[in-house]
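K.L.:
First, the structure itself, so that you have it in front of you.
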Amino acid sequence: MKTFRDQMGREVSVPQCPQRIVSLVPSITEYLFALGLGERVVGITKFCIYPEAWFQSKPRVGGTKTPDFEKIQNLVPDLIIGNKEENRVEDIERLREIAPVYMSDVNSIEDMYDFLACVADIVGCREKGAEIIEQWKGYFKEYSNQGAGKKALYVIWKDPVMVVGKETYINAYMEAVGYQNCVHEPRYPMLDALENCQPEVVLLSTEPYPFKESDFAYFRRIFPEAEIALVSGEEFSWYGVRNIL
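Residue numbers (this note's numbering): 1114 to 1358.
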């Protein structure tokens, strides 16, 4: 057994090169595939749509917030990987009774690098993990001016309208690709709670709420001077390998 400290500060004792891994987060599932784990991943969620071959063939163990504990237990995992934001505390505590659980908590680019490196180390793919981190660094260098310094409002939900604030990975990603987040409150505040929010561009995300161009008119009424744009929620929120594939 090897002991690691996860991103919630817990020590996790994991077998050497775990062979039966369950992933509870779509972006993590995609990362495990990129590491080349193949049959070592034995369970994924119903939202783990990438890679498609895994989505079609791997056992699905419920959703990120609705794990099927019986299915997970029957898979006899030796490692479960989750995320503080995606998975519920009470579910994780229960899953710890089944197998070691490594929890990610990614709120910055450095957090992502730490996560990628640690998970790669846990599963015995340290070199591949380091290679992926270098690819990310190259990606951020290439797209550092994508936002052209514009003050941006990133919207994730419609009713009520919720936006992305500080202390989130999306905020860190926005800044890394050249946007200025005009929201100074932490986490995910409601739009009507903000003061003096004057974006130059309103970014409507395709997830978790599936915004479409038909929503543009609503936000034009609120911010008549701002540009309205539809952006990929996967691009802005999936830490792992989505942007560098």
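All C-beta atoms in this analysis are idealised placements derived from N, C-alpha and C, irrespective of residue type, glycine included.
Over what stretch of residues does the alpha helix (DSSP H) that includes Ser1257 continue unbroken?
P.N.:
As a position in the sequence shown, residue 1257 is number 144, starting the count at 1. Taken as a continuous stretch (DSSP letters only), Ser1257 belongs to no alpha helix (DSSP H), as it is neither H nor E.
K.L.:
From what residue to what residue does the alpha helix (DSSP H) around Tyr1267 run?
P.N.:
Taking the first residue of the sequence shown as 1, we reach residue 1267 at position 154. Careful: Tyr1267 lies outside any alpha helix (DSSP H), inside the beta strand (DSSP E) at Lys1264 to Trp1270.
K.L.:
Expressed to the nearest angstrom, what Euclidean distance is found between the alpha-carbon atoms of Lys1115 and Pro1131?
P.N.:
In the sequence shown, the residue the question calls residue 1115 occupies position 2. In the sequence shown, the residue the question calls residue 1131 occupies position 18. Distance between the alpha carbons of Lys1115 and Pro1131: 10 Å.
K.L.:
What are the boundary residues of the alpha helix (DSSP H) that Ala1166 is part of?
P.N.:
Locating residue 1166 in the sequence shown gives position 53, where the first residue counts as 1. That run of the alpha helix (DSSP H) goes Glu1165 to Ser1170.
K.L.:
Taking all protein chains shown into account, do 16 or more other C-beta atoms lie within 10 angstroms of the C-beta of Pro1213, making it buried, or fewer, making it exposed?
P.N.:
Residue 1213 sits at position 100 when you count from the first residue of the sequence shown. Under this definition Pro1213 is a buried residue.
K.L.:
If Leu1148 sits next to Gly1251, beta carbons under 8 Å apart, how far is it from one beta carbon to the other, in whole angstroms?
P.N.:
Against the sequence shown, residue 1148 aligns to sequence position 35. Against the sequence shown, residue 1251 aligns to sequence position 138. Between Gly1251 and Leu1148 the Cβ distance is about 18 Å, and since that is not below 8 Å, they are no contact.
K.L.:
Tell me whether Pro1180 sits in a helix, a strand or coil according to DSSP, three-state version.
P.N.:
Locating residue 1180 in the sequence shown gives position 67, where the first residue counts as 1. In the structure shown, Pro1180 sits in a strand (DSSP, three-state: E or B).
K.L.:
In the DSSP assignment, what are the bridge partners of Pro1299?
P.N.:
For the purposes of this step, residue 1299 is taken as residue 186 along the sequence shown, with counting starting at 1. Bridge partners of Pro1299: Lys1279.
K.L.:
Of all the alpha helix (DSSP H) runs that stay within the bounds of the region 1315-1353, which reach a length of 4 or more residues?
P.N.:
Listed in chain order, they are 1329-1335 and 1346-1350.
K.L.:
Under the rule that 16 or more other beta-carbon atoms within 10 Å means buried, what is Asp1119, buried or exposed?
P.N.:
In the sequence shown, the residue the question calls residue 1119 occupies position 6. It is buried - the Cβ of Asp1119 has at least 16 other Cβ atoms within 10 Å.
K.L.:
Do three or more CB pairs link the region 1218-1227 to the region 1123-1137 at distances below 8 Å?
P.N.:
Output reads no: the region 1123-1137 does not touch the region 1218-1227.
K.L.:
Hey, is Asn1356 close to the ligand SAH, as in C-beta under 6 Å from one of its heavy atoms?
P.N.:
Only the bare structure without any ligand can be found here, which leaves the ligand SAH out of the picture.
K.L.:
I'd like the span of the beta strand (DSSP E) that includes Ser1126, first residue to last.
P.N.:
Reading the sequence shown from its first residue, position 13 is the one you call residue 1126. Note, Ser1126: beta strand (DSSP E), Glu1124 to Val1127.
K.L.:
Counting only runs of 4+ residues fully inside the region 1180-1221, write out the alpha helix (DSSP H) ranges in chain order.
P.N.:
Complete alpha helix (DSSP H) runs here, min 4: 1182-1187 and 1202-1208.
K.L.:
Count the other CB atoms, across all protein chains shown, that sit within 10 Å of the CB of Glu1340; report buried if there are 16 or more and exposed otherwise.
P.N.:
The residue labelled residue 1340 in the question sits at position 227 within the sequence shown. That one is exposed.
K.L.:
Candidates Phe1117, Ile1357, Trp1351 and Cys1295: which alpha carbon is nearest Ala1233's?
P.N.:
The residue given as residue 1233 occupies position 120 in the sequence shown. Among Phe1117, Ile1357, Trp1351 and Cys1295, the Cα nearest to that of Ala1233 belongs to Phe1117.
K.L.:
Name the DSSP bridge partner or partners of Phe1117?
P.N.:
As a working mapping, residue 1117 is identified with position 4 in the sequence shown. Paired residue(s): Val1125.
K.L.:
Is it right to say Lys1171 is buried, meaning 16 or more other beta carbons lie within 10 angstroms of its own, or is it exposed?
P.N.:
By 1-based counting over the sequence shown, the position of residue 1171 is 58. Label assigned to Lys1171: buried.
K.L.:
DSSP on Asn1309, reduced to helix/strand/coil?
P.N.:
Counted from its first residue, the sequence shown places residue 1309 at position 196. It is coil, neither helix nor strand.
K.L.:
Report buried or exposed for Val1202, applying the criterion of at least 16 other Cβ atoms within 10 angstroms of its Cβ.
P.N.:
On the sequence shown, residue 1202 is found 89 positions in, with the first residue counted as 1. Val1202 should be labelled exposed.
K.L.:
Report the rounded CA-to-CA distance for Leu1150 versus Trp1167, giving the unit in angstroms.
P.N.:
Translated into positions along the sequence shown, residue 1150 becomes position 37. Translated into positions along the sequence shown, residue 1167 becomes position 54. So the two alpha carbons sit approximately 11 Å from each other.
K.L.:
How about Gly1346 and Ser1327: do their beta carbons lie closer than 7 Å?
P.N.:
As a working mapping, residue 1346 is identified with position 233 in the sequence shown. As a working mapping, residue 1327 is identified with position 214 in the sequence shown. Not closer than 7 Å, so no.
K.L.:
Spatial neighbours of Leu1316 within its chain, please: C-beta separation below 6 Å, excluding the five flanking residues on both sides.
P.N.:
Residue mapping note: residue 1316 aligns to position 203 of the sequence shown, counting from 1. These residues qualify, in order along the chain: Ala1265, Tyr1267, Ala1342 and Val1344.
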